[in-house]
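Working notes, beginning with the structure itself.
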Amino acid sequence: MFFCISDFPEDAKYLSDNERAFLKDKLALDSGDSSHDVPLDAKSVGRVFKEWKVWVVGLMYFFYIVPSYGYAYFAATIVKSLNYSPIQTQFHSVPPWVAAFGFSMGLAFISDKTRHRAAYAIFSSLVAIAGFIMLLANHTNIKVRYGGLFLIACGLYSAMPLIICWTSMNFAGHHRRSVGTGWQIGFGNIGGIIATFSFLSTDSPYYTKGLAIGLAFTVCAIITIIGYELGIMYENKQKRLGHMDERYEKMSEVEKKVAGDLKPSFIYQY
C-alpha cells in the first residue's frame, strides 16, 4: 500500500484532471497550499525549528509521555500493590483502560463539536492529577486507590490525543505539519526512558516516587498548554492588527509558498 498511495493529488495518475483539481482545492482549505513543487530539504526543516511553537509542543507531549508510559508499563504492578492475587490483578488491570477509552472518545466528540481543545486537555489533565493525589494521599483504602487508577488512565490517555490533534491543526502546510508533528512525537517519546526508571521495585508497595514524578510532569504539561495557548492568542491578535504583514512580505517567494500557519490570513485554533 505504501507504494500505491500517492503523496499528493498531483502525483495520482489514476485521477482525472478535474479530480486532481478538486482534491487539491479541498486540501488547501484544510491545511493550506501543499507546495507540491517545493522539496522538503534541510533548509526547510531548519526554518520550521526557528519557530517557538515547535519546541513548546514537543515539550508538551514529552510531559505527558512520562506519566502515561509509566502507567502503561507498571499498571499491573500498581494494581498488584493493592493486595490482589495474580489472577485478580490481571482482571482489575483492564477496567481502567476501558474507562479511559470511553472517556477519551467522549472528550474527542465534545471538543470537535465545540471546536476547542485546550480547555478539554487541561480538564483531563486535572482529572489525572486528582488520581495521582488519591494514590499518594491514601495508602490504606483499596477502593480509593483503585479509583485513582481510573482517573489517571482517563485523564492522561484523553489529553494526549487532544493535544496532538490541536497542535497538528495549528501547523499548516505539509512542510510545517510533517516536521512539527514528527518532532513532537519523536522528541516526546524520549520521555519513555524516564518512565522506565520511575516505578522501581524498591519503592513497592506504594511507589510514591513514581507517582510524584507522574504528578509533577502532568502539572508541567498543563503549564505548557497554557503557555502555548497564550502564545497563539497573542499571534492571532498580531495578525488581526496587521503586525505580521511586514514579516510575511519580507519572505522569499519559496518561503511564502510554505509559510503555512505563518501567513497573516491563518488563524490559530484553541
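Numbering (the numbering used here), first residue to last: 47 to 316.
From the three backbone atoms N, C-alpha and C, an ideal C-beta is built for every residue, glycine too.
Same chain, Cβ closer than 7 Å to residue 130, five either side skipped, listed in chain order: So the qualifying residues of the chain are 138.
_Do residue 250 and residue 114 have their beta-carbon atoms positioned less than 8 Å apart in this structure?_
Residue 114 places its beta carbon 8 Å or farther from that of residue 250.
Practice item. Measure the alpha-carbon distance for residue 104 versus residue 154 and round it to whole angstroms. Key: Approximately 21 Å between the Cα atoms of the pair.
In whole angstroms, give me the CA-to-CA distance for residue 146 and residue 152. Each residue's alpha carbon lies about 10 Å from the other.
For residue 314, tell me which candidate among 274, 294, 282 and 301 has the shortest Cα-Cα distance. Comparing Cα-Cα distances from residue 314 to each of 274, 294, 282 and 301, the minimum goes to 282.
Below 8 Å on the Cβ atoms is my guess for residue 237 versus residue 178; work out the distance and round it to an integer in Å.
Not really, about 16 Å apart at Cβ, beyond 8 Å.
Answer with buried or exposed for residue 67, where buried requires no fewer than 16 other C-beta atoms within 10 angstroms of its C-beta. Exposed, by the Cβ-count rule.
For residue 308, which option in 220, 200 and 199 has the closest C-alpha, if you only look at C-alpha atoms?
Residue 308 has its Cα closest to that of 220, out of 220, 200 and 199.
Notebook entry, point to check: With 16 as the cutoff for other CB atoms within 10 Å, does residue 200 come out buried or exposed?
Noted result: Here residue 200 is buried. Its C-beta has 16 or more other C-beta atoms within 10 Å.
CA-to-CA distance, residue 108 to residue 233, given in whole angstroms:
About 7 Å.
| said: Less than 8 Å between the beta carbons of residue 144 and residue 195, yes or no? | reply: Judged by their CB atoms, residue 144 and residue 195 are not nearer to each other than the 8 Å cut-off.
Residue burial classification, residue 96 (beta-carbon count within 10 angstroms, cutoff 16): By the 10 Å Cβ count, residue 96 comes out exposed.
Going by the beta-carbon positions, is the gap between residue 268 and residue 216 smaller than 8 Å?
-> In this structure, residue 216 does not lie closer than 8 Å to residue 268 by Cβ.
Output yes or no for whether 8 Å exceeds the beta carbon distance between residue 206 and residue 119.
By the CB criterion at 8 Å, residue 206 and residue 119 fall outside the cutoff.
Practice item. Please look up how many angstroms separate the CB atoms of residue 167 and residue 209, rounded, as I've assumed it's under 8 Å. Key: Sure, about 5 Å apart at Cβ, within 8 Å.
Grab the span of the alpha helix (DSSP H) containing residue 280 for me, first residue to last.
-> Counted as a single uninterrupted DSSP element, the alpha helix (DSSP H) harbouring residue 280 occupies residues 254 to 286.
Q | Neighbourhood of residue 24 by C-beta, 8 Å cutoff - its chain only, sequence neighbours within 5 removed | A | Absent from the model: residue 24. The displayed extent of the chain is 47 to 316, so no value can be given.
Given a cut-off of 8 Å, decide if residue 214 and residue 170 are closer than it, judged by their beta-carbon atoms.
-> No, the pair does not count as a contact, with Cβ atoms beyond the cut-off.
key: Contacts around residue 18, its chain only, beta-carbon distance under 7 Å, and the 5 residues preceding and following it disregarded   = The shown model of the chain, from 47 to 316, leaves out residue 18, and the question about it has no answer.
So, helix, strand or coil for residue 206, using DSSP? Helix at residue 206.
Practice problem: Could you spell out where the alpha helix (DSSP H) holding residue 186 opens and where it closes? | Solution: That residue, residue 186, is in no alpha helix (DSSP H); it is neither H nor E in DSSP.
Problem set entry | Exposure of residue 72, with buried meaning 16 or more beta-carbon neighbours within 10 Å | It is exposed - the Cβ of residue 72 has fewer than 16 other Cβ atoms within 10 Å.
| said: Judging by CA-CA distance, which residue of 264, 246 and 301 is the nearest neighbour of residue 121? | reply: Nearest Cα to residue 121 within the set 264, 246 and 301: 246.
Q. Between which two residues does the alpha helix (DSSP H) carrying residue 124 extend?
A. Residue 124 -> alpha helix (DSSP H) spans 98 to 126.
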